[in-house]
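Novice: Under my numbering, think of the first position of the sequence shown as 389, with each following residue one higher. Have a look at this one before I ask anything.
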Amino acid sequence: MVISRRAFVATSAAAVGVPAFDYTGKTGLSGASVSLPAPRNAPLDRSLAGFEPFIEVEASAIRHNVAEVARLCSGRPILAVVKNNGYGLGLEIVGPVLDAVDQVAGLAVVKPDQAISLRDAGVQKPILLMGHFSDSDAEELIESGIQLTPYTDEAVSTVSRLARDRNREVPVHLYLDTGMNRVGVPFRRALPWIETIAADRAMRIESTFTCFTEDDDFDYTQLRRLRDVADSANERGFNIGRLHAASSHGVFFRPDGILEMVRPGLVLYGAYPAGGIETNMAGLRAALRLRARVVRVERLETGDGVSYGRNYIADKPTWIATLPIGHADGYPRNAINGCEIMIRGSLYKVIGAVSASHTIVELGSEKTAEIGDDAVLTGPDDPAILPNTVAERSGTSVYDVLMHLNARLPKRIVGV
Ligand SMILES: *Cc1c(COP(=O)(O)O)cnc(C)c1O
């Protein structure tokens with residue numbers, strides 16, 4: 389007898405006494421004897437029908453951007469940076485997408501919990517933690533197969549001890565500080581550091597890298613310092629792995645810094661590091677849509693003001709629409725300085741102060757939107773709402789437009 393999948397699900401649910409989910413909202417779980425975790429995709433499904441703003445991630449755009457980077461770097465392997473919750477798009481969303489792309493050699497983050505979250509999301513490729521970690525985090529990180537970047541004596545001895553305890557060689561990376569003076573091993577004392585690791589059979593240097601200051605006059609000095617350390621190490625017979633330096637900016641503007649691997653973040657999500665002067669070099673596609681639905685449409689009379697501070701006053705009868713998304717969700721407060729929002733394919737100006745949870749647009753003399761209409765605040769659909777345009781018009785950095793997106797916004801993935 390063939391049991392249909394639907395029948396099987398119904399039967400097995402009944403057999404174990406699991407209450408069926410009821411999305412009508414009429415019955416809560418209060419009477420249930422067990423509390424069930426929400427289904428993994430529940431926030432996504434809810435956001436499609438309801439009024440919660442959400443982020444839509446286009447997997448095909450990320451793959452396209454990786455291909456563009458690979459082209460610019462003549463096919464060098466890509467260490468995809470997914471720090472800060474995948475630049476706001478969702479670590480658990482962009483991690484698996486990038487993991488599945490051939491040109492991506494591994495993924496990199498800066499915070500220990502994000503390294504673990506990536507593994508939990510099912511990422512198989514190497515995960516590099518570029519930031520500092522505590523002794524107590526080191527064990528879980530090593531157990532999860534996270535590759536570490538120790539740059540203090542304590543971190544090195546912790547990794548060495550944990551590796552020996554496990555009778556395992558742990559891959560580590562050398563983060564060389566060539567002038568950023570932020571993190572890493574200062575280049576002037578890198579050689580003894582490399583010697584210590586090389587003499588310790590518990591560790592193997594997988595790669596050696598630096599971070600450019602992105603100062604036109606100084607990056608080449610940094611590159612020379614990196615190469616000098618690499619040459620001296622090689623002369624002494626130390627294996628320091630692959631060399632890398634270029635992030636998004638370097639991929640476009642430091643051809644000499646492309647080396648043996650590249651380490652971009654921003655470009656993978658479809659934004660340009662220098663505001664778009666790079667468009668003749670690569671055609672990136674914004675990989676996200678920040679979306680919301682109209683919750684209110686009203687007509688102002690002449691003289692009516694809008695939002696806190698009333699810095700918009702209607703000079704004639706004007707229709708306006710309210711979106712349930714604001715600066716607490718990550719939409720820039722300064723969007724009022726010229727940003728536009730797309731509703732049903734048309735662009736409308738942001739007016740009045742952007743508040744924590746609401747943003748208002750001017751529709752004009754006609755009522756051109758209805759409650760429930762789809763809006764896109766940032767996305768690929770028009771030059772006016774590209775992440776770089778939103779950044780420029782709101783006087784902020786495009787990194788902020790992405791990374792300040794509230795991590796709790798529901799995500800939906802399309803184009804898988
Ligand atoms: C963030 C970061 C990158 C990626 O930078 P983008 O400008 O987003 O490409 C690369 N390397 C390090 C060390 C970083 O912290």
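Beta carbons are placed, not taken as given, at the ideal position from N, Cα and C, and that holds for glycine.
#1: Excluding the 5 residues preceding and the 5 following Met791 in the sequence, name in chain order all residues of the same chain whose CB lies nearer than 8 Å to its CB.
#2: On a CA-only basis, which of Gly693, Gly572, Leu765 is nearest Met730? Give me that one, please.
#3: If you draw a straight line from the C-alpha of Phe439 to the C-alpha of Val547, how long is it?
#4: Decide if Arg781 is buried, meaning its Cβ has at least 16 other Cβ atoms within 10 Å, or exposed.
#5: So the alpha helix (DSSP H) Lys471 belongs to, where does it begin and stop?
#6: Return the CA-CA distance between Gly653 and Pro720, expressed in angstroms with no decimal places.
#7: Counting along the chain, where does the alpha helix (DSSP H) carrying Phe626 start and finish?
#8: With 16 other CB atoms within 10 Å as the buried threshold, where does Gly697 fall?
#9: Tell me which residues share the same chain as Asp487 and place their Cβ nearer than 8 Å to its Cβ, disregarding the 5 neighbours each side in the sequence.
#10: Using three-state DSSP, classify Tyr700 as helix, strand or coil.
#11: Between which residues of its own chain and Arg613 is the CB-CB distance below 8 Å, once the five residues before and five after are set aside?
#12: Buried or exposed, going by whether 16 or more other CB atoms sit within 10 Å of the CB of Thr747?
#13: Going by DSSP in three states, Ala488 sits in which element: helix, strand or coil?
#14: State the Cα-Cα distance for the pair Leu550 and Glu623, rounded to the nearest angstrom.
#15: My output table needs one value for Ser418: the three-state DSSP class, helix, strand or coil.
#16: Using a Cβ-Cβ cut-off of 7 Å (strictly less than) and excluding sequence neighbours within five positions of Glu648, which residues of its own chain qualify?
#17: What's the call for Asn505, buried or exposed, on a 16-neighbour Cβ count within 10 Å?
#18: One question on the structure: do Ala709 and Ala757 come within less than 7 Å of each other, judged by their Cβ atoms?
#19: So, for Met518: in the same chain, excluding its five sequence neighbours on each side, which residues have a beta-carbon less than 6 Å away from its beta-carbon?
#20: Just tell me which of Leu688, Val482, Gly718 has its CA closest to the CA of Gly740.
#21: Taking buried to mean at least 16 other C-beta atoms within 10 Å of its own C-beta, is Lys755 buried or exposed?
#22: Is it the case that the region 440-455 contacts the region 667-679, given that we only count it when at least three CB pairs across the two stretches are under 8 Å?
#23: Taking the alpha carbon of Val457 as the point to measure from, which residue in His637, Phe442, Ser753, Ala795 has its own alpha carbon closest?
#24: Under the rule that 16 or more other beta-carbon atoms within 10 Å means buried, what is Ala587, buried or exposed?
#25: Since Phe597 sits in a beta bridge, which residues does DSSP pair it with?
#26: According to DSSP, simplified to helix, strand and coil, what is Phe606?
#27: For Val485, which residues in the same chain have their Cβ closer than 8 Å to its Cβ, ignoring the five residues on either side in sequence?
#28: Which word fits Ser524, buried or exposed, when buried means at least 16 other C-beta atoms lie within 10 angstroms of its C-beta?
#29: Would you say the beta carbon of Arg651 is closer than 6 Å to some non-hydrogen atom of ligand 1?
#30: Among Asn453, Gly663, Arg732, Asp717, which one has its Cα closest to the Cα of Val482?
#31: What is the rounded straight-line gap between the Cα of Ala763 and the Cα of Tyr736?
#32: Please report how far the alpha carbon of Phe640 lies from the alpha carbon of Met669, in whole angstroms.
#33: Is Glu686 helix, strand or coil when you go by DSSP?
#34: Under 6 Å from any heavy atom of ligand 1, does the C-beta of Met568 make it?
#35: Out of Ala716, Thr609, Lys799, state which residue places its alpha-carbon closest to the alpha-carbon of Thr601.
#36: Taking only three categories from DSSP, how would you classify Asp553?
Specialist: With the structure as the only source:
#1: In the sequence shown, residue 791 corresponds to position 403, counting from 1. Correct list, in chain order: Asn472, Asn473, Tyr475, Gly476.
#2: Here residue 730 refers to the residue found at position 342 when the sequence shown is read from its first residue. When each option's Cα is compared against that of Met730, the closest is Leu765.
#3: Reading the sequence shown from its first residue, position 51 is the one you call residue 439. Reading the sequence shown from its first residue, position 159 is the one you call residue 547. Looking at the two C-alpha atoms, the distance is approximately 48 Å.
#4: Stepping through the sequence shown from its first residue, residue 781 is reached at position 393. Buried, because 16 or more other Cβ atoms sit within 10 Å of the Cβ of Arg781.
#5: Within the sequence shown, the letter at position 83 stands for residue 471. Where Lys471 is concerned, the enclosing alpha helix (DSSP H) stretches over 471-475.
#6: Along the sequence shown, read from residue 1 onward, the residue named residue 653 stands at position 265. Along the sequence shown, read from residue 1 onward, the residue named residue 720 stands at position 332. Here the C-alpha atom of Gly653 lies approximately 21 Å from the C-alpha atom of Pro720.
#7: For the purposes of this step, residue 626 is taken as residue 238 along the sequence shown, with counting starting at 1. Phe626 -> no alpha helix (DSSP H), and no H or E assigned at all.
#8: Numbered from its first residue, the sequence shown carries residue 697 at position 309. With fewer than 16 other Cβ atoms within 10 Å, it is exposed.
#9: By one-based count along the sequence shown, residue 487 stands at place 99. These residues qualify, in order along the chain: Leu495, Gly510, Val511, Gln512, Lys513.
#10: The residue labelled residue 700 in the question sits at position 312 within the sequence shown. Note: Tyr700 maps to strand in three-state DSSP.
#11: In the sequence shown, residue 613 corresponds to position 225, counting from 1. Excluding residues within five positions, the ones whose Cβ falls inside 8 Å are Leu564, Thr566, Gly567, Phe575, Thr598.
#12: The residue labelled residue 747 in the question sits at position 359 within the sequence shown. Thr747 should be labelled buried.
#13: Translated into positions along the sequence shown, residue 488 becomes position 100. Coil.
#14: Taking the first residue of the sequence shown as position 1, residue 550 is located at position 162. Taking the first residue of the sequence shown as position 1, residue 623 is located at position 235. Rounded to the nearest angstrom, the two C-alpha atoms are 30 Å apart.
#15: Locating residue 418 in the sequence shown gives position 30, counting from the first residue. Interpretation of Ser418 is limited by its pLDDT of 33, a score under 50 that renders its predicted location unreliable; the figure taken from the coordinates is listed afterwards. It is coil, neither helix nor strand.
#16: Mapped onto the sequence shown, residue 648 falls at position 260. Taken in chain order, the residues that qualify are Arg464, Arg630, Leu631, His632.
#17: Working through the sequence shown from its first residue, we reach residue 505 at position 117. Sequence inspection shows Ser at residue 505; the Asn mentioned does not correspond to that position. Buried: at least 16 other Cβ atoms inside 10 Å.
#18: The residue given as residue 709 occupies position 321 in the sequence shown. The residue given as residue 757 occupies position 369 in the sequence shown. Yes; because the gap between Cβ atoms is below 7 Å, this pair is in contact.
#19: On the sequence shown, residue 518 is found 130 positions in, with the first residue counted as 1. So the list reads Ala496, Val498, Thr537, once near-sequence residues are dropped.
#20: Here residue 740 refers to the residue found at position 352 of the sequence shown. Nearest Cα to Gly740 within the set Leu688, Val482, Gly718: Leu688.
#21: Taking the sequence shown and counting its residues from 1, one reaches residue 755 at position 367. The residue in question, Lys755, is exposed, as its Cβ has fewer than 16 Cβ neighbours within 10 Å.
#22: Contact check between the region 667-679 and the region 440-455: three or more CB pairs, one atom from each, fall below 8 Å, which counts as touching.
#23: Here residue 457 refers to the residue found at position 69 of the sequence shown. Comparing alpha-carbon positions, the option among His637, Phe442, Ser753, Ala795 lying closest to Val457 turns out to be His637.
#24: Taking the sequence shown and counting its residues from 1, one reaches residue 587 at position 199. Answer is exposed; the Cβ neighbour count stays below 16.
#25: Taking the first residue of the sequence shown as position 1, residue 597 is located at position 209. For Phe597, which the question treats as bridged, DSSP gives the partners Tyr563, His632.
#26: Along the sequence shown, one-based indexing puts residue 606 at 218. Of the three classes helix, strand and coil, the one that applies to Phe606 here is coil, per DSSP.
#27: Looking up residue 485 in the sequence shown gives position 97. Hits under 8 Å: Val445, Ala447, Ile450, Arg451, Ile801, Val804.
#28: Counting from 1 along the sequence shown, the entry for residue 524 is found at position 136. Around the beta carbon of Ser524, fewer than 16 other beta carbons lie within 10 angstroms, which makes this residue exposed.
#29: The count along the sequence shown starts at 1 and reaches residue 651 at position 263. Arg651 Cβ: within cutoff of ligand 1.
#30: Looking up residue 482 in the sequence shown gives position 94. Ranked by how close their Cα comes to the Cα of Val482, the residues Asn453, Gly663, Arg732, Asp717 have Asn453 in first place.
#31: Locating residue 763 in the sequence shown gives position 375, counting from the first residue. Locating residue 736 in the sequence shown gives position 348, counting from the first residue. Roughly 10 Å separates the two Cα atoms.
#32: Against the sequence shown, residue 640 aligns to sequence position 252. Against the sequence shown, residue 669 aligns to sequence position 281. Using only the alpha carbons, I get a separation of about 8 Å.
#33: Taking the sequence shown and counting its residues from 1, the one referred to as residue 686 is at position 298. The answer is strand: DSSP assigns Glu686 an E or B state.
#34: Here the question's residue 568 lines up with position 180 in the sequence shown. It does not: the Cβ of Met568 is nowhere closer than 6 Å to a heavy atom of ligand 1.
#35: Position 213 of the sequence shown, counted from the first residue, corresponds to residue 601. Selected option, being the one with the closest Cα: Thr609.
#36: Counted from its first residue, the sequence shown places residue 553 at position 165. Here DSSP, grouped into helix, strand and coil, assigns Asp553 to helix.
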